[in-house]
Amino acid sequence: MPELPEVETYRRDILRHFTGKILEHAYLGREKSSNISCSGFEKTLSGKRLTGIKRFGKMLSFDFEDDISALVHLMVSGRYVISNERKLPDKSIQVAFWFEGDESLLIRYLFLGFCRIYKTSELERCDEIRKLGIDPTSLDFSLKYFDKYLDSKKSSIKSLLLDQSFLSGIGNIYADEILFQAGISPQRKVSNLSNNERSRLYKAIIDQLRLGLKTRGATIQSYADIYGNPGGFQDNIKVHSKMGGACVNCKSEIVKIRVGGRGTYYCPNCQK
DNA sequence: CCCAAAGCCTGAAGGC
DNA sequence: TGCCTTCAGGCTTTGG
Ligand SMILES: [Zn+2]
-2 MPELPEVETY RRDILRHFTG KILEHAYLGR EKSSNISCSG FEKTLSGKRL
48 TGIKRFGKML SFDFEDDISA LVHLMVSGRY VISNERKLPD KSIQVAFWFE
98 GDESLLIRYL FLGFCRIYKT SELERCDEIR KLGIDPTSLD FSLKYFDKYL
148 DSKKSSIKSL LLDQSFLSGI GNIYADEILF QAGISPQRKV SNLSNNERSR
198 LYKAIIDQLR LGLKTRGATI QSYADIYGNP GGFQDNIKVH SKMGGACVNC
248 KSEIVKIRVG GRGTYYCPNC QK
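Counting from -2, one number per residue, gives the positions in the first sequence under my numbering.
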């Protein structure tokens, strides 16, 4: 699943290849994946120069000249792929950006995801972005902010970590690893976390996301970078998707439960 | 063949 | 009653 580190890795790689280049032809394979018709999509974007790419949580905004942006959410399974082929894409490709030069950018397996067109100047007013909380890798993410927000909530800590209106970009994999590093059970209510636990959690959020970025993301089932290479974070994963395995700390069995409707992996012995 | 899984939205239902 | 939080269903496709 592409979460903050994976999406940021995509952003950096794509930026290096395509900023400043003209999008000669855009392609949208499925109308439902956008807020505009397929022909409108192609007409709006074709011929425009890519000026930059911004990340909002797990989304990327491809900003073009003339106040046009394409906002992409990969959701569960979407992947960006760089390609040297100019031929019409197969059915697994929902979006194609053929840039000037030899290289093109494809989006494949965008099942539940989208690529929507907005005016760049109005981007931050759209629902998808307005609802997002702060970015946990930004300087705005202080212990003070974290603490204050926790005070106002009653849900379980796992649910809160996944709440994009609190922190944007954390998904199921990193949430489980953050809680393992902090030694806190996913079921704990945020209201009764001690100060010490809160600061451990704060540190774990920063550490795990930073490690995710450094290792270029987690490949558990399907993630690959634009070149098709897997990330390296999975080698650091201690609990997520490891049910039945032995905890690296205490050799207890990792268990899988449901918290807030989401599959959740943890060590009941190390995480209290 | 059917169910589960993923992230996120919506609307309904439940708690204090 | 109002505010929050949780839950169920839908979207889409793959894989067990
Ligand atoms: Zn353990």
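By construction, the Cβ of each residue, glycine as well, lies at the ideal position given by its N, Cα and C atoms.
As the structure is a prediction and not an experimental result, all values here were calculated from the model.
- Inter-residue Cα distance where the pair is G242 and A172: As a working note, residue 242 is residue 245 in the first sequence. As a working note, residue 172 is residue 175 in the first sequence. Approximately 19 Å between the Cα atoms of the pair.
- Please state whether DSSP places A215 in a helix, a strand or coil. As a first step, residue 215 is located in the first sequence; it is residue number 218 there, counting from the start. Of the three classes helix, strand and coil, the one that applies to A215 here is coil, per DSSP.
- Please name the residue, chosen from T216, G166, R207, that lies closest to R52 on a Cα-to-Cα basis. As a first step, residue 52 must be located in the first sequence, where it is residue number 55. Scanning T216, G166, R207 for the CA closest to the CA of R52 turns up G166.
- Pairwise C-alpha distance: Y142 and L208: In the first sequence, the residue the question calls residue 208 occupies position 211. In the first sequence, the residue the question calls residue 142 occupies position 145. Answer to the nearest angstrom: the Cα atoms are 22 Å apart.
- Looking only at C-alpha atoms, which of P(-1), I170, K150, R8 sits nearest to G260? If you number the first sequence from 1, residue 260 lands on position 263. Looking at P(-1), I170, K150, R8, the one whose alpha-carbon comes closest to that of G260 is I170.
- Message: Report the start-end ranges of each alpha helix (DSSP H) in the region 81 to 133 that is 4 residues or longer and not cut off at the edges.
- Response: 124 to 127
- Message: Need the endpoints of the alpha helix (DSSP H) that R9 sits in, please.
- Response: Within the first sequence, the letter at position 12 stands for residue 9. Here the alpha helix (DSSP H) through R9 covers 1 to 15.
- Collapsed DSSP secondary structure at K302 in the structure displayed: Outside the shown range of the chain, which is -2 to 269, sits residue 302, and nothing can be said about it.
- Message: Quick check on the burial criterion: 16 or more other C-beta atoms within 10 angstroms. Buried or exposed for Y270?
- Response: This structure gives no information on residue 270, because the portion of the chain shown stretches from -2 to 269.
- D222 and R213 look like a contact to me (Cβ under 8 Å); what is the Cβ gap, rounded to whole Å? Within the first sequence, the letter at position 225 stands for residue 222. Within the first sequence, the letter at position 216 stands for residue 213. So it is a contact: roughly 6 Å between Cβ atoms.
- Hey, out of V4, M240, V245, whose CA is closest to N233's CA? Stepping through the first sequence from its first residue, residue 233 is reached at position 236. Ranking the options by Cα distance to N233, first place goes to V245.
- So is the beta-carbon of N189 under 7 Å away from any non-hydrogen atom of ligand 1? Reading the first sequence from its first residue, position 192 is the one you call residue 189. No; taking the cut-off as 7 Å, the Cβ of N189 has no heavy atom of ligand 1 nearer than that.
- Task: Could you please give me the residues that DSSP links to V73 through a beta bridge?
- Result: What you label residue 73 is simply residue 76 of the first sequence in a count that begins at 1. Looking at the DSSP assignment, V73 forms no beta bridge with any residue, so it has no partner.
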